[in-house]
Structure formats: structure tokens, C-alpha cells
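**Q** I have a structure here, written as C-alpha cells, and I will follow up with some questions on it.
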Amino acid sequence: MAQQPTGPSELAGTDTTDRQNSSDKLDALEPYRSDATGQALTTNQGVKIADNQNTLKARDRGPSLLEDFIMREKITHFDHERIPERIVHARGTAAHGVFRVYASQAKLTKAAFLQDPAKVTPVFVRFSTVQGPRGSADTVRDVRGFAVKFYTEEGNFDLVGNNMPVFFIQDAIKFPDFVHAVKPEPHNEIPTGASAHDTFWDFVSLVPESAHMVMWAMSDRAIPATLRAMQGFGVHTFRMIDAQGASRFVKFHWRPLSGVYSLLWDEAQKLAGKDPDFNRRQLWEDIESGDYPEWELGVQVVEEADEHSFDFDLLDPTKIIPEEQVPVQPIGKLTLNRNPDNFFAETEQAAFHPGHIVPGIDFSNDPLLQGRLFSYTDTQLLRLGGPNFHQIPINRPVCPFHNNQRDAYHQHQIHKGRAAYEPNSIDAGWPKETPAGPAGGGFESYPERIEGHKIRNRSESFGDHFSQARLFWRSMSEVEQAHIVDAYSFELAKVERMAIREREVNEILANIDLDLARRVAANIGVQPPAAGTVELPKVRQEQSPALSQMNLLTGNIRSRKIAILIGNGVDAAAVSAAQAALKGEGAACKLVAPSAAPVQGSDGSRLVPDGSLAGLPSIMFDAVLVPGGEAAMQAMMADGTALHYLLEAYKHLKPMAFLGQAQTLLAQLRLDEDEGLLVGSDLSAIQASYFAAIARHRVWARMPKAMSVPA
Ligand code: HDE
1 MAQQPTGPSE LAGTDTTDRQ NSSDKLDALE PYRSDATGQA LTTNQGVKIA
51 DNQNTLKARD RGPSLLEDFI MREKITHFDH ERIPERIVHA RGTAAHGVFR
101 VYASQAKLTK AAFLQDPAKV TPVFVRFSTV QGPRGSADTV RDVRGFAVKF
151 YTEEGNFDLV GNNMPVFFIQ DAIKFPDFVH AVKPEPHNEI PTGASAHDTF
201 WDFVSLVPES AHMVMWAMSD RAIPATLRAM QGFGVHTFRM IDAQGASRFV
251 KFHWRPLSGV YSLLWDEAQK LAGKDPDFNR RQLWEDIESG DYPEWELGVQ
301 VVEEADEHSF DFDLLDPTKI IPEEQVPVQP IGKLTLNRNP DNFFAETEQA
351 AFHPGHIVPG IDFSNDPLLQ GRLFSYTDTQ LLRLGGPNFH QIPINRPVCP
401 FHNNQRDAYH QHQIHKGRAA YEPNSIDAGW PKETPAGPAG GGFESYPERI
451 EGHKIRNRSE SFGDHFSQAR LFWRSMSEVE QAHIVDAYSF ELAKVERMAI
501 REREVNEILA NIDLDLARRV AANIGVQPPA AGTVELPKVR QEQSPALSQM
551 NLLTGNIRSR KIAILIGNGV DAAAVSAAQA ALKGEGAACK LVAPSAAPVQ
601 GSDGSRLVPD GSLAGLPSIM FDAVLVPGGE AAMQAMMADG TALHYLLEAY
651 KHLKPMAFLG QAQTLLAQLR LDEDEGLLVG SDLSAIQASY FAAIARHRVW
701 ARMPKAMSVP A
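Here's what the structure looks like:
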């Protein structure tokens with residue numbers, strides 16, 4: 001039988017930057033990528049179409065004729081273009097890439113794709129928000145999905161995780177309740193893409209096991225500045241199995257090489273209107289420009305013998321293993337280096353499943369994970385219209401796959417042979433089982449010993465709901481804590497029922513931390529609580545520095561986006577010097593002018609802007625630079641939009657550089673210099689401090705002052 005056409009082949013990137021070369025190879029290896037360049041327009045039956053403008057009619061002015069098979073086929077297909085969106089994680093964006101292990105992980109796992117640093121495994125990664133529909137805004141406060149499909153030589157391995165390491169519930173049976181609570185309310189379908197409403201807070205205030213995850217969702221992690229600046233987590237405890245059959249527990253981590261940083265809430269809200277595609281656009285542009293996002297895959301490993309040595313249960317998905325107790329060992333690197341050709345065919349039809357594992361990886365008994373193992377196939381049956389969704393190009397394994405499953409909707413294989421059953425003698429017994437073990441490589445489940453009664457119960461070891469929420473709170477910097485207080489206050493202020501606000505404060509927040517509870521209470525008209533309602537157990541660790549994203553920056557400015565403001569008469573030499581210096585350090589800059597029309601530099605040169613002040617507002621950038629030039633500065637001083645641009649950047653604590661005559665703007669704006677608002681005759685005079693400020697991402701020390709600046 002003919003070999004399956006390969007899936008997203010190894011060349012998703014042979015780690016090459018030679019994009020043209022790789023896309024030529026791709027066309028050859030992936031014949032299902034259809035390119036109509038130079039081809040005739042035809043019907044689906046291959047009949048060439050002579051007129052694609054007019055329906056077949058009886059005379060010029062109709063009526064139209066039912067026999068027009070060309071028009072009927074076209075409209076019928078159009079009528080069926082939509083498939084159901086994902087019930088959760090509907091809004092998403094994705095990219096192809098490659099994964100490579102740093103060194104053999106044979107001591108941990110027999111998984112073939114984790115053995116050899118020379119081996120390149122193609123991947124497809126989809127990021128998503130959870131609550132909103134497919135067309136909702138990117139920058140809402142929400143958990144982000146982080147789903148990775150590894151096309152390994154032993155089959156597909158899907159690591160279907162999130163950008164937060166825990167979850168809202170402990171048992172799968174509660175998932176529909178949770179999702180119904182967070183989704184828009186049933187009577188008016190409000191709000192879109194937000195948890196700031198009564199049903200969400202009603203549920204979480206009644207379900208203390210959600211306390212830890214809600215803390216994460218109210219933190220800056222829920223508004224990532226860019227998808228490449230998010231951590232990812234497998235959430236559940238998994239197992240890795242070595243060639244001798246030994247099992248160890250593992251937690252998977254993705255650590256972004258860009259560091260972790262976030263939007264401010266005001267930016268997130270404004271971006272949802274000004275550019276609802278903000279996150280997906282930036283991922284797309286970064287990849288197109290060759291600035292490939294990268295993550296390190298890390299594992300926390302726990303020996304079987306140590307399963308019960310923590311003050312929480314490893315199977316409880318509302319708990320992390322603090323990194324100070326079990327360090328994350330980096331094992332490999334993921335690079336996203338190719339945008340999809342077609343959103344629907346690839347991103348929308350991608351079917352991830354935590355149950356897609358390969359030999360060397362196995363499940364734990366986490367009751368949330370166990371439930372997911374059922375759900376993901378079930379959802380694809382509906383969404384992708386039948387059980388052959390694995391044959392859709394984006395979902396195909398790159399290794400051969402053969403079995404006796406037959407027929408059903410959308411069958412793309414033409415199975416040869418007479419015996420679609422096993423055992424058989426008619427087709428000489430093929431396809432045959434592969435023995436497990438090193439010689440064979442057939443999949444074998446870890447033979448965990450299980451004894452006990454069949455019960456519906458929650459283990460007592462899952463009972464402490466507040467200690468890790470407290471650990472998270474206490475590990476935050478002052479700024480992060482202030483943001484968390486603001487987020488709870490914002491969301492609970494949208495809750496109409498006072499009893500829900502009070503319950504959240506008294507029965508959840510007060511048990512996490514009294515200071516947090518009181519600060520939120522004061523903002524939402526609730527009586528500050530005097531004490532919590534439960535006694536927390538003694539835990540091994542009160543703080544975990546690894547949880548604060550302030551500790552997760554890289555110290556460099558790679559991939560940061562800088563707006564350079566230009567106008568007629570701008571100092572052209574200063575512009576090109578700034579561009580060169582920023583690009584030299586791996587940052588990306590855009591020229592922003594009063595309008596999208598070209599401007600004339602001080603030396604008569606022509607500068608073509610990337611966009612206008614209105615089209616590329618400062619909320620889309622990490623930092624701003626004003627290069628000077630007498631005439632340009634005079635014009636900016638008289639331009640309300642430009643002044644607002646700068647005030648807003650100041651208010652959002654962005655690093656700002658004012659060069660040459662741009663200093664005059666400061667007086668007009670009545671802004672003071674600070675560790676990130678820098679003034680210099682040219683960039684070289686302030687470059688070190690400016691770049692250091694960009695590397696820190698925000699000028700937090702400016703916060704008290706910025707609060708009083710109108711923007
Ligand atoms: Fe999912 N989840 N989930 N989930 N999930 C889906 O599958 C579900 C959970 C996650 O980019 C659905 O194909 C149940 C945890 C991601 O396509 C559905 C439970 C985590 C994505 C589903 C959970 C996730 C999904 C909807 C509780 C983090 C997007 C469409 C037992 C570890 C994947 C689909 C993509 C998608 C069910 C809990 C992550 C309905 C029943 C915990 C990243 O099958």
C-alpha cells in the first residue's frame with residue numbers, strides 16, 4: 001500500500017532560516033497543500049469554469065435556472081463553510097515549528113523523540129483563550145491554552161496545557177458546571193471574553209478548590225503582553241517510563257526564552273477594541289520577520305518512592321510542585337518558525353488530545369486528566385464531523401498508521417486488502433501487533449498496581465484549597481499584588497449580587513490572606529473581614545520566588561517592540577541610528593507618523609511610516625522613542641494626538657527616550673525624567689539606561705506619579 005502522505009513533515013523546519021527553500025520542499029512533501037497559482041478555475045468535479053460572474057438565467061433579466069450546477073455547487077459549499085467552534089478555547093492562533101532535545105533523556109523516558117539531540121521533531125502549537133467565541137478579542141483577562149502537537153516517529157504526542165500551572169477544579173465531572181458558570185450568561189449572552197460577572201463568581205465563591213487558579217487568573221499572567229512571553233504548563237502530573245519499565249512522575253513546563261511579561265489592564269482593555277487580533281498578529285509578524293519565538297521544555301521529576309512526600313497530593317491539579325522543592329530541568333527547545341498557510345485547514349481543524357501519547361509517556365490518576373482522556377475525542381467527533389479526523393492533514397501522524405478501523409464520514413484512505421479484522425489469515429495477518437519492550441516498541445500502559453473499592457469520593461489529600469493560593473499571593477512583588485487586588489476589585493464590582501461579593505471576600509479571600517481580602521473588600525463595598533473561616537495546615541514553604549514574573553525577565557531587549565515617532569523635519573540620522581541600535585539588540589521598531597503618508601526627514605530624505613499615531617497607538621508597543629528634529633517637534637507640540645500618545649505611554653509606565661530637540665516636548669507634557677524616561681542629545685548618550693529600562697519592561701517606580709497624569 002502506498003505510504004501515507006506525510007503530515008506536517010520534518011521540514012516544518014529543518015531549523016532552517018531559508019524560508020523559500022523550505023517551502024519548496026514542503027510543497028513536494030505535503031501534496032495536500034493546494035496552490036492554485038497558474039491553475040484554471042474549476043468545479044469540484046474538475047470542469048473548467050468559463051463565467052464566474054453570472055448565474056445561468058433564462059434571458060438577461062432572469063429568472064435564474066435551477067440547472068446551474070456551477071452556481072448551486074458554489075453556494076452549497078459556501079452554506080456549509082462553518083463548523084462548530086470549540087466549546088472552550090474557541091479563539092486561537094497557531095504556528096508550526098520544531099522541537100529538539102538538548103541531550104538524550106534515556107534515563108527518564110524511552111520516548112524516541114527525546115533520545116537524540118540531532119533529531120528534529122516537527123510540532124504544531126495552538127494558543128487560545130478559553131471563554132470567548134472564535135471572533136472575540138485576544139487581550140481579555142483569561143487563561144491561555146498552550147497546546148503542542150509533536151509529530152514524532154512513534155506517533156503524535158499532544159501536550160495540551162495552559163499558561164497557568166493549575167486548574168479551577170479537581171474532578172472532570174465539574175467541568176461543565178465550571179464552563180457554564182464562566183461562559184456568557186444564558187439570558188443575554190453577556191459578557192463576551194470575560195469572567196467579570198455573577199455566574200462565574202457565584203461558582204468560584206462556592207467552590208474553594210478554585211481559589212488557587214482564580215488567583216492566577218486575577219494576576220498579570222491572564223493578560224500576557226505577547227504569546228511568546230508566556231510560560232506553559234502541562235498542569236497534571238504525568239509519568240515518564242524508561243526502557244526498563246521504571247516510572248517517574250513528571251510535570252511539564254514551557255519556559256519562554258523571551259521572558260515573561262504582561263500588559264497592563266488598561267492596555268488590555270483598550271487593545272481589545274483597537275486591535276482585537278493583537279496577540280495573533282504579533283505572533284504572525286514575529287514569525288514572518290524571522291524573529292522566531294522559543295521555549296525551553298522542562299520537567300520536574302519525582303521518583304515513585306517520593307509520591308507522598310509533599311504537603312499536597314501530586315494528583316491534585318489545583319497544586320503546583322514549588323520549583324524550590326523540585327527544580328525544573330530543561331530538556332529541549334521548541335522554536336516556532338512557520339505560519340500556517342490556511343487558518344481553517346490547520347489552526348481550526350487541529351485536534352489536540354491529552355490522550356495522544358507515545359511509548360515512554362503515560363498518565364497519572366489525576367481525576368481531571370482522566371476525564372479529559374474521554375472528552376477530547378468526543379468533542380472532535382462533533383466538531384470535525386466523524387471519527388476520521390486523524391486523517392485531516394494537520395492531524396496526521398508522520399509515521400505510518402494502519403489498523404482495521406474502516407469507513408465512516410470523510411474517509412480519505414483507500415484501504416486495500418480483504419481482511420479488516422484481526423486475527424486473519426487472508427491478508428497474512430497484517431497489520432500485526434508489535435511487542436512492547438525495547439525490541440518491539442509497541443505501546444504498553446504502565447502496570448500500576450491498584451487496589452480498593454469502587455467509590456464516588458474526593459480524596460482527603462485534595463482537601464487544602466488555600467495554602468497554595470496563599471503561596472502564590474505571598475510570592476508576588478508589591479506591584480503584582482496591587483494588580484491582583486485591582487483585578488479582583490474590577491471583576492467583583494461587576495457582580496450585581498452583594499451576597500456573592502461578600503462570600504468571595506469572607507469565605508475565599510480571607511482564607512488566602514487577610515490583607516488581600518481587606519483591600520478588595522474596601523473597593524467593592526464589603527465589610528472587611530476580621531478573620532478567615534478555616535485553619536490552614538502548616539506547609540513546607542511560604543514563598544516561591546519562581547512564581548513572580550518579575551523574576552522571569554531575560555535582561556535583554558530581544559523581540560521588544562519600539563515605536564519611533566516621526567514627522568516632517570524629523571532628525572533622520574537619529575532615526576536610522578536608533579533603528580540600527582535597537583535592531584542590533586534584536587528588538588523590532590516601527591516608524592509612527594501623524595498619518596500613514598511618508599514624511600520628509602531633516603536631511604531631505606523620505607521616511608515611510610509603518611502606520612499612523614491612530615493606527616499604531618502606544619499600547620501596541622513596549623517602549624517609545626522620540627528622535628528630535630526642530631520642525632517635527634514643533635508640530636508634535638501642537639498635535640493633541642501626539643501629546644496623548646506620549647502621555648499614554650508615560651501612564652503605562654513605558655520606557656521613553658527623548659533625543660535632541662524632543663526635550664522641548666517634556667516641558668509641554670510636564671513630565672519628569674525618571675529611570676525609564678530618558679533625555680539625551682542622541683541615543684548613544686542614554687542607550688545603556690534606555691535599553692536596561694526596556695529589558696525591565698516597565699518603569700514601576702513611576703507608578704505613583706503616573707497615576708495622577710491624565711491620558
Ligand atoms: Fe480542555 N478541552 N478540558 N483543558 N483544553 C478542550 O477540546 C476539557 C482542561 C485545553 O487548541 C476541548 O478540541 C475537559 C485542562 C486546551 O485545540 C474539550 C476538561 C487544561 C484546549 C475540552 C478540560 C485544558 C482545550 C474543546 C476537564 C489544561 C484547546 C475543543 C476534565 C491542562 C486545544 C477541543 C486546542 C480544549 C475538554 C480541562 C486545556 C471540550 C472535559 C485542565 C489548551 O474537549
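Numbering follows UniProt numbering, in which position 206 of the sequence shown is assigned residue number 206; successive positions increment by one, without gaps. We treat Cβ as the ideally placed atom computed from N, Cα and C, and that holds for glycine. Note that this is a predicted model, so its numbers are computed, not measured.
#1: Would you say F167 touches the ligand HDE, meaning its beta carbon is less than 7 Å from a heavy atom?
#2: Three Cβ pairs or more, each shorter than 8 Å: is that satisfied between the stretch 320-337 and the stretch 354-372?
#3: Ends of the alpha helix (DSSP H) at T664?
#4: Is the beta carbon of I686 less than 8 Å from the beta carbon of D202?
#5: Just to confirm before moving on: does the CB-CB distance between T121 and Y151 stay below 8 Å?
#6: Would F344 be called buried (16 or more neighbouring beta carbons within 10 Å of its own) or exposed?
#7: Which residues mark the beginning and the end of the beta strand (DSSP E) in which residue 712 is found?
#8: Near S618, which residues of its chain fall below 8 Å by C-beta distance, leaving aside the five closest residues on each side in sequence?
#9: Using a Cβ-Cβ cutoff of less than 6 Å, which residues in the same chain neighbour D311 once the five nearest sequence positions on both sides are dropped?
#10: From A58 to T76, what does the alpha carbon distance come to, in whole angstroms?
#11: Mind checking E480: buried by the 16 CB within 10 Å criterion, or exposed?
#12: Let me confirm a value: E542 is counted as buried when at least 16 other C-beta atoms fall within 10 Å, else exposed. Which label applies?
#13: Could you spell out where the beta strand (DSSP E) holding R518 opens and where it closes?
#14: Within 8 Å, do at least three Cβ pairs link the stretch 561-575 to the stretch 590-601?
#15: In chain order, which continuous runs of the alpha helix (DSSP H) of length 4 or greater are located wholly inside the stretch 679-703?
#16: Could you tell me which residues DSSP pairs with T335 in its beta bridges?
#17: Distance check for Q663 and D674, CA to CA, integer angstroms please.
#18: Less than 7 Å between the CB of L616 and some heavy atom of the ligand HDE, yes or no?
#19: Is it right to say F69 is buried, meaning 16 or more other beta carbons lie within 10 angstroms of its own, or is it exposed?
#20: Would you mind sorting D138 into buried or exposed? The rule is 16 or more other CB atoms within 10 Å of its CB.
#21: Can you give me the C-alpha to C-alpha distance between residue 747 and E504, rounded to a whole angstrom?
#22: Just checking V539 against the ligand HDE - is the residue's beta carbon closer than 7 Å to any of the ligand's heavy atoms?
#23: Consult DSSP for E267 and reduce its assignment to one of helix, strand or coil.
#24: In three-state DSSP terms, what is S309?
#25: Who are the near neighbours of T6 in its chain, counting only those whose CB is closer than 6 Å to its CB and skipping five residues on each side?
#26: Whose CA, out of N279, L384, E422 and D341, lies closest to the CA of A408?
#27: I'd like to confirm the pairing. Which residues does DSSP put opposite Q329 in its beta bridges?
#28: Answer yes or no: do T318 and H465 have a C-beta to C-beta separation smaller than 8 Å?
#29: With respect to 7 Å, is the separation between the Cβ of L283 and the closest non-hydrogen atom of the ligand HDE below this value?
#30: Using 10 angstroms around the beta-carbon of R629, count the other beta-carbons present and answer buried if the total reaches 16, otherwise exposed.
#31: Look up G161 in the DSSP assignment and say whether it is helix, strand or coil.
#32: Can you give me the Cβ contacts of A90 inside the same chain, cut-off strictly under 6 Å, excluding the 5 residues immediately before and after it?
#33: Indicate the three-state DSSP secondary structure (helix, strand or coil) for H253 in the structure shown.
#34: Compute the Euclidean distance between the alpha carbons of R221 and W265, then round it to the nearest angstrom.
#35: Given 7 Å as the limit, tell me if I357 has its C-beta closer than that to any heavy atom belonging to the ligand HDE.
#36: Roughly how many whole angstroms lie between the Cα atoms of V709 and R670?
**A** Inspection of the coordinates gives the following:
#1: Position 167 of the sequence shown holds residue 167. At least one heavy atom of the ligand HDE is nearer than 7 Å to the Cβ of F167, so yes.
#2: no
#3: The residue labelled residue 664 in the question sits at position 664 within the sequence shown. Start and end: Q663 to L669.
#4: The residue given as residue 686 occupies position 686 in the sequence shown. The residue given as residue 202 occupies position 202 in the sequence shown. Not in contact: I686 and D202 (Cβ atoms no closer than 8 Å).
#5: In the sequence shown, residue 121 corresponds to position 121, counting from 1. In the sequence shown, residue 151 corresponds to position 151, counting from 1. A contact, by the Cβ cut-off of 8 Å.
#6: What you label residue 344 is simply residue 344 of the sequence shown in a count that begins at 1. So F344 ends up on the exposed side.
#7: With the chain covering 1 to 711 only, the question about residue 712 has no answer from this structure.
#8: Taking the sequence shown and counting its residues from 1, one reaches residue 618 at position 618. So the list reads A563, V624, Y645, L646, E648, A649, H652 and K654, once near-sequence residues are dropped.
#9: Here residue 311 is taken as the residue at index 311 of the sequence shown, counted from 1. Here the set comprises V539 and R540.
#10: Within the sequence shown, numbered from 1, the residue matching residue 58 stands at position 58. Within the sequence shown, numbered from 1, the residue matching residue 76 stands at position 76. Rounded to the nearest angstrom, the two C-alpha atoms are 21 Å apart.
#11: Walking along the sequence shown from the start, residue 480 turns up at place 480. Buried, since its Cβ has 16 or more Cβ neighbours within 10 Å.
#12: As a working note, residue 542 is residue 542 in the sequence shown. E542 is exposed by the Cβ-count criterion.
#13: Here residue 518 refers to the residue found at position 518 of the sequence shown. Element bounds for R518: not the beta strand (DSSP E) but the alpha helix (DSSP H), L514 to I524.
#14: yes
#15: 683-696
#16: Walking along the sequence shown from the start, residue 335 turns up at place 335. V98 and E294, per the DSSP bridge assignment.
#17: Reading the sequence shown from its first residue, position 674 is the one you call residue 674. Reading the sequence shown from its first residue, position 663 is the one you call residue 663. The alpha-carbon atoms of D674 and Q663 are separated by roughly 14 Å.
#18: Translated into positions along the sequence shown, residue 616 becomes position 616. No; taking the cut-off as 7 Å, the Cβ of L616 has no heavy atom of the ligand HDE nearer than that.
#19: Residue 69 sits at position 69 when you count from the first residue of the sequence shown. So F69 counts as exposed.
#20: As a position in the sequence shown, residue 138 is number 138, starting the count at 1. D138 is buried by the Cβ-count criterion.
#21: Residue 747 cannot be examined here, being either before or after the span of the chain that is shown, 1 to 711.
#22: Numbered from 1 along the sequence shown, position 539 holds the residue referred to as residue 539. Because no heavy atom of the ligand HDE lies under 7 Å away, the Cβ of V539 does not count as near it: no.
#23: The sequence position of residue 267 within the sequence shown is 267, counting from 1. E267 falls in the helix class under three-state DSSP.
#24: Here residue 309 corresponds to residue number 309 of the sequence shown, with the count starting at 1. Here S309 sits in coil by DSSP.
#25: The residue you call residue 6 lines up with position 6 of the sequence shown. Any reading at T6 must be qualified, since the residue scores a pLDDT of 41, below 50, and its modelled position is unreliable; no value is offered.
#26: In the sequence shown, counting from the first residue as 1, residue 408 sits at position 408. Among N279, L384, E422 and D341, the Cα nearest to that of A408 belongs to L384.
#27: As a working mapping, residue 329 is identified with position 329 in the sequence shown. Looking at the DSSP assignment, Q329 forms a beta bridge with V299.
#28: As a working mapping, residue 318 is identified with position 318 in the sequence shown. As a working mapping, residue 465 is identified with position 465 in the sequence shown. For T318 and H465, yes; Cβs fall inside 8 Å.
#29: Locating residue 283 in the sequence shown gives position 283, where the first residue counts as 1. No, Cβ of L283 sits at least 7 Å from all heavy atoms of the ligand HDE.
#30: Sequence index remark: in the sequence shown, residue 629 carries index 629 (1-based). The sequence given here places Gly at residue 629; Arg does not occur at that position. Flag for G629 reads buried.
#31: As a position in the sequence shown, residue 161 is number 161, starting the count at 1. Note: G161 maps to strand in three-state DSSP.
#32: The sequence position of residue 90 within the sequence shown is 90, counting from 1. The residues are P133 and R134.
#33: Position 253 of the sequence shown, counted from the first residue, corresponds to residue 253. Note: H253 maps to strand in three-state DSSP.
#34: Against the sequence shown, residue 221 aligns to sequence position 221. Against the sequence shown, residue 265 aligns to sequence position 265. Each residue's alpha carbon lies about 11 Å from the other.
#35: Walking along the sequence shown from the start, residue 357 turns up at place 357. The answer is no for I357.
#36: Along the sequence shown, one-based indexing puts residue 709 at 709. Along the sequence shown, one-based indexing puts residue 670 at 670. The alpha-carbon atoms of V709 and R670 are separated by roughly 9 Å.
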